[in-house]
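Residue numbers (the working numbering): 22 to 142. These notes are about the structure you will find just below.
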């Protein structure tokens, strides 16, 4: 999950996952990014960054609500964006790893995420 397309930290995070996409695939993972941006914005974001994994539009906020990830940026008048978060879900649908940040400027530890994927495989 990421707060918004075209922002500096979100762009860096998506590039980091893209740079390690083969490692995640080798460990048996499918990578997806989820935000409340429109499908059109996410298509352009994916194209600009050259991402080879899916981005999911949650404009109705159902997914971020289900994972309790809504975050407000009241200082700029924006509500209900996704917190930056990573979940590893195994083949049975069980969440085996969760990382959630209340700080939108903080990125996950990509090695830790990869280790969690390997353990879930």
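Note that the Cβ used here is the ideal one computed from N, Cα and C, for glycine as well. The structure displayed is predicted, hence computed values, not measured ones.
Contact belief for residue i with residue j at Cβ below 8 Å, rounded distance in angstroms
| i | j | result |
| --- | --- | --- |
| residue 107 | residue 125 | Incorrect: roughly 14 Å between the Cβ atoms, too far for contact. |
| residue 119 | residue 23 | About 15 Å; that fails the 8 Å criterion. |
| residue 57 | residue 40 | Contact flag wrong, Cβ pair sits at about 25 Å. |
| residue 45 | residue 109 | So it is not a contact: roughly 10 Å between Cβ atoms. |
| residue 93 | residue 82 | Contact flag wrong, Cβ pair sits at about 12 Å. |
Contact under 7 Å by Cβ, residue i with residue j
| i | j | result |
| --- | --- | --- |
| residue 10 | residue 63 | The question about residue 10 has no answer here: the residues shown for the chain are numbered 22 through 142. |
CA nearest to the CA of residue i, picked from the options
| i | options | result |
| --- | --- | --- |
| residue 27 | 84, 66, 101 | 66 |
| residue 112 | 122, 83, 132, 140 | 140 |
| residue 115 | 55, 56, 142 | 142 |
| residue 117 | 135, 31, 105, 35 | 135 |
| residue 85 | 55, 96, 49, 97 | 55 |
| residue 123 | 132, 133, 105 | 105 |
Counted within 10 angstroms of its Cβ, other Cβ atoms place residue i as buried (16 or more) or exposed
| i | result |
| --- | --- |
| residue 73 | exposed |
| residue 61 | exposed |
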